[in-house]
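When you read off a place in the sequence shown, starting at 1, and then add 120, the result is the number in the working numbering.
Worksheet: the structure to be examined is printed underneath.
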Amino acid sequence: MQNMELNGKELISRFKKSNRLDRKYMIMFPVLENIDKTKPKTGNHYWIFNVNIRDRRFEALDSWRTLKNKALDVCARKMVASFRSLWEEHYVSSHVSLDDFGLTNTDVPKQKTE
């Protein structure tokens, strides 16, 4: 989703109407982001993209950065765009509308970097 590749079989299978995503409170996606392009195998960092349907927002949960970090902000916005696109395709008649969902940081314990 972070690369806007939305046609993968596994991803599409997760958005099947039978999964009833619109009846969940939260939908979490682990994101493995390459944050150091010079180190394609070791320069990666995990964070969570959360769709918080109950509180009507998209959330970035990162133990190292906040959305003030440009790379995280760009990646999170791509995730939002991808999720909205998939939602509109598979849940067009859902009672849940994403129109007013904003993107926010969710505070999590921060890891120390050295």
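Ideal Cβ placement from N, Cα and C applies to all residues, glycine included.
Of the listed residues Arg185, Ser205, Gly163 and Tyr145, nearest to Thr226 (C-alpha basis):
The count along the sequence shown starts at 1 and reaches residue 226 at position 106. Nearest C-alpha to Thr226: Arg185.
Alpha carbon to alpha carbon, how far is Phe149 from Ser133? Give it in angstroms, no decimals.
In the sequence shown, counting from the first residue as 1, residue 133 sits at position 13. In the sequence shown, counting from the first residue as 1, residue 149 sits at position 29. Roughly 14 Å separates the two Cα atoms.
With a 10 Å radius around its C-beta and 16 neighbouring C-beta atoms as the bar for buried, classify Ser213 as buried or exposed.
Here residue 213 refers to the residue found at position 93 of the sequence shown. The residue in question, Ser213, is exposed, as its Cβ has fewer than 16 Cβ neighbours within 10 Å.
Taking C-beta to C-beta, are Ala180 and Leu218 nearer than 9 Å?
Looking up residue 180 in the sequence shown gives position 60. Looking up residue 218 in the sequence shown gives position 98. No, they are not a contact pair.
Flag this pair as touching only if the segment 131-147 and the segment 157-166 have three or more C-beta atom pairs under 8 Å; answer yes or no.
no
Could you tell me which of Lys232, Gln231, Pro229 and Arg204 sits nearest to Leu141, measuring between CA atoms?
In the sequence shown, the residue the question calls residue 141 occupies position 21. If we check each option's Cα against that of Leu141, Arg204 comes out closest.
Under the three-state DSSP convention, the category Ile168 falls into
Position 48 of the sequence shown, counting from 1, holds the residue named residue 168. Strand at Ile168.
Report the partner residues of Thr158 according to the DSSP bridge assignment.
Your numbering for residue 158 matches position 38 in the sequence shown. Paired residues: none, contrary to the question.
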